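Protein chains in written order, with this note's numbering: chain W, 1 to 258; chain E, 259 to 575; chain U, 576 to 844.
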Amino acid sequence: MIGKYALRFVALGYLAVLLVAPVSYVFWRTFEHGFGPAWDAVTAPDALHALKVTLILTAIAVPANTIFGVLCALAIVRYRFPGSGIVNAVVDLPLALSPVVVGLALLLLYGREGWLGGHRVVFALPGMVLATIFVSLPFVVREVVPVLREIGTEQEQAAATLGASAFQTFRRVTWPAIRWATAYGVVLTTARALGEFGAVSVVSGRITGETQSLTLYVQDRYQSFDEVGAYASAVVLALIAVATLILMTRLKPKEETR
Amino acid sequence: MIEALGIVKRFGDFTALDGVSVDVPTGSLIALLGPSGSGKSTLLRVIAGLERPDAGEVRLDGADVTRVPPQSRGVGFVFQHYAAFKHMTVGENVAFGLKIRRRPRAEVRQRVSELLELVQLSQLAERYPAQLSGGQRQRMGLARALAVDPKVLLLDEPFGALDARVRKELRLWLRRLHDETHTTTVIVTHDQEEAMEVADRVVVMNAGRVEQTAAPRELYDNPANEFVMSFVGPVNRLGDAFIRPHDVELLLEPNGATREAMVERLVHLGFEVRVELVRDDGTQLSAQITREQAEALELDPGQIVYLRPMRQKTFGS
Amino acid sequence: MAARAAVALPAPKARRPLAPGLAVGLSTLYLSVIVLLPLAALSWRAHGWDAITNDQAVSSLRLTVLASLVVALVNALAGTAIAWTLVRDRFPGQGIVNALVDLPFALPTIVAGLTLLALYGPRSPVGVNAAFTRWGILLALLFVTLPFVVRTVQPVLLELDREMEDAAASLGAGKVATFRRVILPNILPAILSGVALAFARAVGEFGAVVLISGNLPFKTEVVSVYVFGRIESGDPGGAAAASVVILAISFGVLLAIGGVRRLATRHDR
Numbered sequence: 001m002i003g004k005y006a007l008r009f010v011a012l013g014y015l016a017v018l019l020v021a022p023v024s025y026v027f028w029r030t031f032e033h034g035f036g037p038a039w040d041a042v043t044a045p046d047a048l049h050a051l052k053v054t055l056i057l058t059a060i061a062v063p064a065n066t067i068f069g070v071l072c073a074l075a076i077v078r079y080r081f082p083g084s085g086i087v088n089a090v091v092d093l094p095l096a097l098s099p100v101v102v103g104l105a106l107l108l109l110y111g112r113e114g115w116l117g118g119h120r121v122v123f124a125l126p127g128m129v130l131a132t133i134f135v136s137l138p139f140v141v142r143e144v145v146p147v148l149r150e151i152g153t154e155q156e157q158a159a160a161t162l163g164a165s166a167f168q169t170f171r172r173v174t175w176p177a178i179r180w181a182t183a184y185g186v187v188l189t190t191a192r193a194l195g196e197f198g199a200v201s202v203v204s205g206r207i208t209g210e211t212q213s214l215t216l217y218v219q220d221r222y223q224s225f226d227e228v229g230a231y232a233s234a235v236v237l238a239l240i241a242v243a244t245l246i247l248m249t250r251l252k253p254k255e256e257t258r
Numbered sequence: 259m260i261e262a263l264g265i266v267k268r269f270g271d272f273t274a275l276d277g278v279s280v281d282v283p284t285g286s287l288i289a290l291l292g293p294s295g296s297g298k299s300t301l302l303r304v305i306a307g308l309e310r311p312d313a314g315e316v317r318l319d320g321a322d323v324t325r326v327p328p329q330s331r332g333v334g335f336v337f338q339h340y341a342a343f344k345h346m347t348v349g350e351n352v353a354f355g356l357k358i359r360r361r362p363r364a365e366v367r368q369r370v371s372e373l374l375e376l377v378q379l380s381q382l383a384e385r386y387p388a389q390l391s392g393g394q395r396q397r398m399g400l401a402r403a404l405a406v407d408p409k410v411l412l413l414d415e416p417f418g419a420l421d422a423r424v425r426k427e428l429r430l431w432l433r434r435l436h437d438e439t440h441t442t443t444v445i446v447t448h449d450q451e452e453a454m455e456v457a458d459r460v461v462v463m464n465a466g467r468v469e470q471t472a473a474p475r476e477l478y479d480n481p482a483n484e485f486v487m488s489f490v491g492p493v494n495r496l497g498d499a500f501i502r503p504h505d506v507e508l509l510l511e512p513n514g515a516t517r518e519a520m521v522e523r524l525v526h527l528g529f530e531v532r533v534e535l536v537r538d539d540g541t542q543l544s545a546q547i548t549r550e551q552a553e554a555l556e557l558d559p560g561q562i563v564y565l566r567p568m569r570q571k572t573f574g575s
Numbered sequence: 576m577a578a579r580a581a582v583a584l585p586a587p588k589a590r591r592p593l594a595p596g597l598a599v600g601l602s603t604l605y606l607s608v609i610v611l612l613p614l615a616a617l618s619w620r621a622h623g624w625d626a627i628t629n630d631q632a633v634s635s636l637r638l639t640v641l642a643s644l645v646v647a648l649v650n651a652l653a654g655t656a657i658a659w660t661l662v663r664d665r666f667p668g669q670g671i672v673n674a675l676v677d678l679p680f681a682l683p684t685i686v687a688g689l690t691l692l693a694l695y696g697p698r699s700p701v702g703v704n705a706a707f708t709r710w711g712i713l714l715a716l717l718f719v720t721l722p723f724v725v726r727t728v729q730p731v732l733l734e735l736d737r738e739m740e741d742a743a744a745s746l747g748a749g750k751v752a753t754f755r756r757v758i759l760p761n762i763l764p765a766i767l768s769g770v771a772l773a774f775a776r777a778v779g780e781f782g783a784v785v786l787i788s789g790n791l792p793f794k795t796e797v798v799s800v801y802v803f804g805r806i807e808s809g810d811p812g813g814a815a816a817a818s819v820v821i822l823a824i825s826f827g828v829l830l831a832i833g834g835v836r837r838l839a840t841r842h843d844r
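Written out as structure tokens, the structure reads:
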């Protein structure tokens, strides 16, 4: 029986040392001198601007990837077309690529000497939006595809024989079945979009007060020896992450009891 | 021989075994018979060491093994859903127990081929369980359990997951195997036909208790109580009396000792006929008679007949 | 009750199947613009192979691949242990621990790196200073790859037929033998899947590593940082060349892991 307790100790200890301790420590350091300094750091104009940038990026990327995600999942599973296997693989690409490489690719495409260059895409918000969309692209697709596969086409075929158009079928039959999977995918997409660092770092030029997302701001504060500023912004991001985690936990069981 | 003495086992609030004692003489084949939830599988697992009883003792050949883990009890266990090692071939499955005991390779190979021949799976030695039918998987399970020469063979509803025809075949086959090897065997089943056909003695269990232990014939002829009687075969209830359908005599004229009933339906079961009857007060009964008898009586639905129990049982309250 | 005359409902007008084509068309368009076009630009513009063959590049590549392999191995062990504890064990707060495993998925990588640097860096309250060392890199990579093996092994453990373990016990196998001969072969494919995901993630990791490693060339510079440096020094072509090589190596390793996984699942076919 001692084996059981030893294993539990090792597993939980690993999690504590690697995950819990560092994150808790930063929380503690942020608030160790009270709420005030942390609040001031987080409401500084550059910080607020960075937060705004991050929220804009997310507000664009998430809906775009959600609509695409559902459409693409439908295309892959329901409308078998030549190349659907390739599409499936391409959707998974962003998960395998280093964010720096993603940023580089965008730079090469839209930069001054790029194929589509000269339109103020890189070193500006549009480039960052494209980067954020790229990296957070797969999640809704990957969550919806297995659900679509599992529920099968029978219900949709039944709806068609009863006279429903494609859109009606989607709204009344398909969507209720994929609702929770989509929601879970949206949560994952949002978390990824909010947390993106490498790709936007390359593509944005990191211009403080202009093209700095909150993640880039954290790095900037740390490198400027402003520990309080860095930790406070990190805590903001961490709190959002915790909220995301809670949503993930709530939605996961629903998603898995299809 | 196996002795289980006063076994108590609880799962949370649920008492699976409430002081059960069972005796299995060496070389015999005993069936634990009962409905779901009667505790029969739990008892088997306690004997195997896969469950620890809350109270009571288990003895194998006189030695107290209650605290001994299953690895060291020398029991062979066959599972209802086969518990096949799906990542190993049939041959490797059967060899498992021998490999654990580090037997020399030549010995393992020989024993495995002997056993595969015994269960008629020699052709399938290199296949994986996923490629086998249910019946084949269970024969493999049996060979695997026998490979280590267990003192005791325990089978937990071994044919429950198989279809009727395969079940009947394997049942007969198991009995023949037992007659050859004489390994002390306990089989758990909810199918009374199976228990009666296969076992030397049957232990009837209900709600964690033993209702009766007897040979199949004795169980049928002299059931200890209402539960055993109705579990072991079909039964009619007339007031306090319990009557087997075979023991119902049908007459066309009353004679004082008879009761009146109307024929509802005739079910032709090959050479027997089951006559479904209903009495005035709504009680339903069935009589089982031969085809000749039915023809002689010229029975028809709606007809009034008179029935007399040739034999009946009452159980004191 | 008056009987209603049966009325046949008119069939709806036949509609052309517009929707399938639309979904397929829009999806492929979106994917092409967002993903394929930039990647095409990357491979086309890759030039200057000395960007990946010079000593600094090779050193960063070697460091990254080795670190990722080590991290993948540690995850195989730790991830399996954690999955086991979540599935087979019972203790208060288990639900929270289960949710916690997903934290690296939800937390921005730069924040992860910052927290590790705070606790295990120059001003560490526990006297551990992994900044500017390879240990720091391992720490950061372990953080971000934590969920992968756990989440691939967990469902398999949940579905595992417990009776196989009972059977093994009845046949004489102790706990260790049962784990080695019965449980492990059945969870190995899942472990390998998780390992592949962890490796791929580790090779490309940037945000978590960039602060704690200090990015010392030849010592603690991972390949994503090297590529970043190439971009900053105005050599995007070289950076692209390096990226293509890294992708090829990752792809190779993933193929190899996939091959091993197929070997381990031949009994299911």
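Using N, Cα and C, we set each Cβ at its ideal position, and we do this for glycine too.
Predicted model only: the values in this text are computed from it and were never measured.
Cβ neighbour criterion (16 or more within 10 Å) applied to residue i
i              : result
residue 751(U) : exposed
residue 425(E) : buried
residue 452(E) : buried
residue 464(E) : buried
residue 407(E) : exposed
residue 65(W)  : buried
residue 436(E) : buried
residue 128(W) : buried
residue 381(E) : exposed
residue 246(W) : exposed
Nearest-angstrom Cα separation, counted from residue j out to residue i
i              : j              : result
residue 717(U) : residue 835(U) : 23 Å
residue 589(U) : residue 608(U) : Its pLDDT being 48, under 50, residue 589(U) is placed unreliably by the model, and the measurement read from it follows with that caveat. The straight-line gap from Cα to Cα measures roughly 34 Å.
residue 577(U) : residue 167(W) : Residue placement at residue 577(U) is poorly supported in this model, since its pLDDT is 45, which falls under 50; the coordinates still yield a value, given next. Taking the straight line from one Cα to the other gives about 38 Å.
residue 694(U) : residue 12(W)  : 18 Å
residue 199(W) : residue 801(U) : 14 Å
residue 741(U) : residue 308(E) : 7 Å
residue 423(E) : residue 394(E) : 14 Å
residue 497(E) : residue 353(E) : 58 Å
residue 44(W)  : residue 207(W) : 16 Å
residue 59(W)  : residue 295(E) : 57 Å
residue 739(U) : residue 757(U) : 7 Å
residue 469(E) : residue 345(E) : 42 Å
residue 558(E) : residue 734(U) : 56 Å
residue 225(E) : residue 342(E) : Lying outside 259 to 575, the shown extent of chain E, residue 225(E) is not represented and no answer is given.
residue 574(E) : residue 499(E) : 10 Å
residue 267(E) : residue 311(E) : 5 Å
residue 707(U) : residue 755(U) : 39 Å
residue 258(W) : residue 143(W) : Residue confidence for residue 258(W) is low, a pLDDT of 37 falling below 50, so the modelled location carries little weight; the figure read from the coordinates is stated next. Residue 258(W) and residue 143(W): Cα-Cα distance of roughly 12 Å.
residue 632(U) : residue 176(W) : 51 Å
Integer-rounded CB distance, given that residue j should sit under 8 Å from residue i
i              : j              : result
residue 132(W) : residue 57(W)  : 4 Å
residue 766(U) : residue 655(U) : 6 Å
residue 148(W) : residue 122(W) : So it is not a contact: roughly 36 Å between Cβ atoms.
residue 712(U) : residue 782(U) : Rounded, the Cβ-Cβ distance is 13 Å, inconsistent with contact.
residue 545(E) : residue 508(E) : 6 Å
residue 401(E) : residue 377(E) : 5 Å
Which ranges would you report for the beta strand (DSSP E) in the stretch 476-522 of chain E if only whole runs of at least 3 residues count? 494-496, 499-501, 506-509
Any alpha helix (DSSP H) of 4 or more consecutive residues that is wholly inside the stretch 433-469 of chain E: 450-456
Only counting runs of 3 or more residues, tell me where the beta strand (DSSP E) segments fall wholly within the stretch 623-647 of chain U, in order along the chain. The stretch 623-647 of chain U contains no whole beta strand (DSSP E) run of 3 or more residues.
Three Cβ pairs or more, each shorter than 8 Å: is that satisfied between the stretch 667-680 of chain U and the stretch 788-802 of chain U? no
Minimum length 3: unbroken beta strand (DSSP E) runs contained in the stretch 729-782 of chain U: none
For the 8 Å Cβ check, are there 3 or more pairs between the stretch 186-204 of chain W and the stretch 689-703 of chain U? no
Does the stretch 286-304 of chain E come into contact with the stretch 260-275 of chain E, if we say contact requires no fewer than three beta-carbon pairs (one atom in each stretch) closer than 8 Å? yes
For the structure I just gave you, are there three or more beta carbon pairs, one from the stretch 812-820 of chain U and one from the stretch 616-636 of chain U, closer than 8 Å? Enough Cβ pairs lie closer than 8 Å, so yes.
I'd like to know if the stretch 601-617 of chain U and the stretch 92-107 of chain W are in contact, where contact means that at least 3 CB-CB pairs between them fall below 8 Å. The stretch 601-617 of chain U, when compared against the stretch 92-107 of chain W, does touch it at the 8 Å Cβ threshold.
Could you tell me whether the stretch 635-652 of chain U touches the stretch 773-780 of chain U, using the rule of 3 or more Cβ pairs below 8 Å? yes
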